[in-house]
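For the sequence shown, numbering that gives the first Met the number 0 begins at 0 and goes up steadily by one.
All residues carry an ideal CB built from backbone N, CA and C; glycine is no exception.
Quantities reported herein were computed from a predicted structural model and do not represent experimental measurements.
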Amino acid sequence: MCRAFSSSVCLSLATLFLQVVCAVTDEEQAQQDSVVVPEWSSHFPTAKQYCVDASNAKNPGNKRFVFVATPEGTPPKNGWPVYFSFVTDVYPDGEGGSGCGIADKTTMKRATAFSTPEDSLKHCPCIKDNTCKTRSLSSHRFSKKDRLVRINARGSGPTSVMAAAYENETGVYGSALCQYDTLAGELWDMRLKQFIVANKIAVVQVNPSSDDGWLAYDEDPSGGPTWSSGSDKPFLYKVFEMLKNGDLGNLDASNVVVRGWSGGAQMVSWMFQLAAVRQIPHITIKAGMFLAGGSYECYAASQAAARTTCKKCNPGILCPGGAWHQNAGCSTNLSHAPCCTKCCPANFTEQFYFEHPEQYPQHPPAFLSQLSTEDENADLCACKNYHDTLVANGVYSELVLTTPAYERCFCIGDPNDPAARGSPYAKYCLHDVMTWRCFTHEMGFAEMVIPAVQFLQRIFKGATLHQP
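Okay, here's the thing in structure tokens:
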């Protein structure tokens with residue numbers, strides 16, 4: 000694991016990134032650091048779901064699930080601190096009911112919002128029999144009939160870069176492909192949620208209007224929905240109000256960390272922008288967590304719309320690595336112009352702080368994680384560029400990258416990785432005979448789980464943060 004903030008003994012690691020500090024953290028160290036380590040089989044006995052209806056004249060039928068799990072026991076005086084997650088791909092009804100909005104119509108996701116890590120992978124038999132086909136996405140030619148990939152409102156890519164992997168056994172790919180999230184680290188996302196609740200932090204997860212459909216922008220040349228005109232704003236404002244009023248349980252609306260993966264990470268950045276201009280009502284955002292994503296200004300549709308180091312990006316459809324499910328590398332470390340669809344700007348986080356750099360001391364701290372050597376659906380430097388900009392401006396930030404040797408099996412855990420100890424699927428990481436590898440767009444990996452929990456603990460305790 001590579002942690003850009005660690006003061007531990009360092010190992011030299013040849014990656015595309017600037018110098019980072021390498022360390023291994025396992026569950027024994029977590030116990031020494033006052034992190035409660037839950038059992039792998041731990042369920043979420045307090046889990047609840049709420050069907051929130053935020054319909055209005057502009058957005059009829061704006062109904063979505065909100066999933067909440069609180070710790071057991073007596074909450075603090077002001078309520079449980081909140082880990083607020085922008086779900087990227089829609090979770091289904093966790094109670095087997097009739098659903099809520101999109102969740103009862105289109106989602107192919109099988110894991111529920113609070114599955115155990117093992118249960119999140121049980122519908123993916125290809126892991127055990129070594130038949131997963133994770134390379135199929137880059138070669139499949141999608142037809143209009145498939146309706147699996149749609150250009151999003153800004154014209155920069157698919158509304159759901161993961162949607163193509165959501166067919167069931169009778170679909171385009173069959174069970175050998177499983178679902179994208181399942182082979183992109185969903186096991187570790189569930190493991191992290193077990194840790195969070197066990198360490199006295201509430202989890203709130205909100206569904207998007209469609210898979211990977213968050214509107215983290217307010218300008219759309221094509222005239223499509225934006226933050227101001229679309230369904231996300233009224234929905235989230237209502238959820239924030241419910242959180243403050245206690246309608247989602249005994250939660251502390253003044254102590255919230257927002258989290259997102261991929262497009263959800265861009266939504267975290269968008270929340271920072273809105274908070275900076277005082278457009279986030281009812282809650283106080285203390286920090287953000289970014290997984291395989293960065294600024295909301297990543298992946299502009301054109302050079303004109305791009306920022307800073309992405310201004311000279313290549314908007315062409317034949318740009319090397321520009322297609323989804325193809326690695327394009329780090330946008331700031333290429334011998335050619337980066338693809339617009341895979342470029343995250345350096346020296347930029349949000350527009351407010353770009354225009355008012357003197358306000359960076361007010362920027363919330365951040366925790367970011369990404370793979371080290373390959374990302375098929377993001378700029379490989381999405382997290383690094385955001386992290387470096389924060390650090391350069393005096394904002395506390397933690398960047399956790401994978402150990403390259405563990406990347407092939409990161410979604411199930413490598414048996415050689417101490418941080419993956421206990422994973423019920425690590426035994427299927429058979430390097431010498433494997434015919435597949437995990438999708439390289441991570442929503443979690445073993446080495447980031449405990450550092451993420453420690454980050455949350457420091458934030459919620461109001462600890463003084465010092466950047467080495």
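At what residues does the alpha helix (DSSP H) containing residue 191 begin and finish? Taken as a continuous stretch (DSSP letters only), the alpha helix (DSSP H) holding residue 191 covers 185–197.
Three or more beta-carbon pairs under 8 Å between the segment 419–431 and the segment 114–124, yes or no? In short, these stretches touch, since the Cβ pair count reaches three.
So does the segment 216–232 actually touch the segment 249–263, counting three or more Cβ pairs closer than 8 Å? With the cut-off at 8 Å, the segment 216–232 and the segment 249–263 do not touch.
Residue 272, DSSP secondary structure in three states: Secondary structure at residue 272: helix, using DSSP grouped into helix, strand and coil.
Could you name each continuous alpha helix (DSSP H) segment of 4 residues or more that falls completely within the segment 347–434, going from the start of the chain to the end? Taking only runs of at least 4 residues, the alpha helix (DSSP H) segments lying wholly in the segment 347–434 are 350–354 and 381–391.
Straight-line gap, residue 350 to residue 291 (C-alpha atoms, nearest Å): Cα to Cα, residue 350 sits roughly 21 Å from residue 291.
Could you name the residues of the same chain whose beta carbon sits closer than 6 Å to that of residue 471, not counting the 5 residues immediately before and after it, in chain order? Outside the displayed range of the chain (0 to 467) lies residue 471, so it cannot be described from this structure.
Where does residue 447 fall in DSSP's three states? In the structure shown, residue 447 sits in a helix (DSSP, three-state: H, G or I).
Out of 67, 239 and 112, which has the shortest C-alpha to C-alpha gap to residue 53? Taking only the C-alpha atoms, the option nearest residue 53 is 239.
Proximity to residue 315 [Cα-Cα], best of 307, 329, 330 and 337: Minimum Cα distance to residue 315 is reached at 337.
Backbone CA spacing between residue 452 and residue 326 [nearest angstrom]: Their backbone Cα atoms lie some 29 Å apart in a straight line.
Under 7 Å between C-beta atoms of residue 458 and residue 285: Here residue 458 is near residue 285, since their CB atoms are less than 7 Å apart.
Check each candidate in 249, 244, 293 and 288 and name the one with the smallest Cα separation from residue 265. Ranking the options by Cα distance to residue 265, first place goes to 293.
Roughly how many angstroms lie between the CA atoms of residue 364 and residue 267, to the nearest whole one? Using only the alpha carbons, I get a separation of about 12 Å.
Terminal residues of the continuous beta strand (DSSP E) containing residue 202? 201–205 is the extent of the beta strand (DSSP E) around residue 202.
For residue 182 versus residue 111, is the C-beta spacing smaller than 7 Å? Taking 7 Å as the Cβ cut-off, residue 182 and residue 111 do not qualify as a contacting pair.
In terms of alpha-carbon separation, which member of 68, 73 and 77 lies closest to residue 93? The option with the nearest alpha carbon to residue 93 is 68.
Would you mind sorting residue 433 into buried or exposed? The rule is 16 or more other CB atoms within 10 Å of its CB. Around the CB of residue 433, fewer than 16 other CB atoms lie within 10 Å, so the residue is classed as exposed.
Is it true that the CB of residue 65 sits closer than 7 Å to the CB of residue 205? Yes, the pair counts as a contact, with Cβ atoms nearer than the cut-off.
List the whole-angstrom C-beta distance separating residue 399 from residue 442, where the pair is believed to meet the contact cut-off of C-beta under 8 Å. Residue 399 to residue 442, Cβ: 14 Å. No contact.
Neighbourhood of residue 437 by C-beta, 8 Å cutoff - its chain only, sequence neighbours within 5 removed: Closer than 8 Å at the Cβ level, and outside the excluded window around residue 437, lie 133, 182, 183, 184, 406, 407, 408, 409, 410 and 411.
Residues of its chain near residue 306, where Cβ-Cβ distance is below 6 Å and the 5 sequence neighbours each way are ignored: Closer than 6 Å at Cβ, skipping near neighbours: 296, 344 and 347.
C-alpha gap between residue 354 and residue 301, whole angstroms: Between residue 354 and residue 301, the C-alpha separation is close to 21 Å.
Could you tell me if residue 73 is buried or exposed, where buried requires 16 or more neighbouring beta carbons within 10 angstroms of its beta carbon? When all chains shown are included, residue 73 counts as exposed.
Rounded to the nearest angstrom, how far is the Cβ of residue 78 from that of residue 249, given a contact under 8 Å? Here residue 78 really is in contact with residue 249; their C-beta atoms are around 4 Å apart, less than 8 Å.
What number of angstroms, rounded off, separates the C-alpha of residue 237 from the C-alpha of residue 450? One C-alpha to the other measures close to 32 Å.
Measure the alpha-carbon distance for residue 362 versus residue 427 and round it to whole angstroms. Rounded to whole angstroms, the separation of the alpha carbons of residue 427 and residue 362 is 42 Å.
Hey, out of 269, 396, 382 and 122, whose CA is closest to residue 179's CA? Of the residues 269, 396, 382 and 122, the one whose Cα lies closest to the Cα of residue 179 is 122.
Straight-line CA distance for residue 100 to residue 113? Our two residues, residue 100 and residue 113, have alpha carbons roughly 19 Å apart in a direct line.
Alpha helix (DSSP H) segment containing residue 236, residue limits: It spans 231–244 - the alpha helix (DSSP H) in which residue 236 sits, taken as one unbroken run.
Would residue 288 and residue 366 qualify as a contact pair, given that the criterion is a beta-carbon distance under 7 Å? Taking C-beta atoms as the reference points, residue 288 and residue 366 count as a pair closer than 7 Å.
To which residues does DSSP link residue 62 through a beta bridge? Partner(s): 52.
With C-beta atoms as the reference, is residue 37 less than 7 Å away from residue 252? No.
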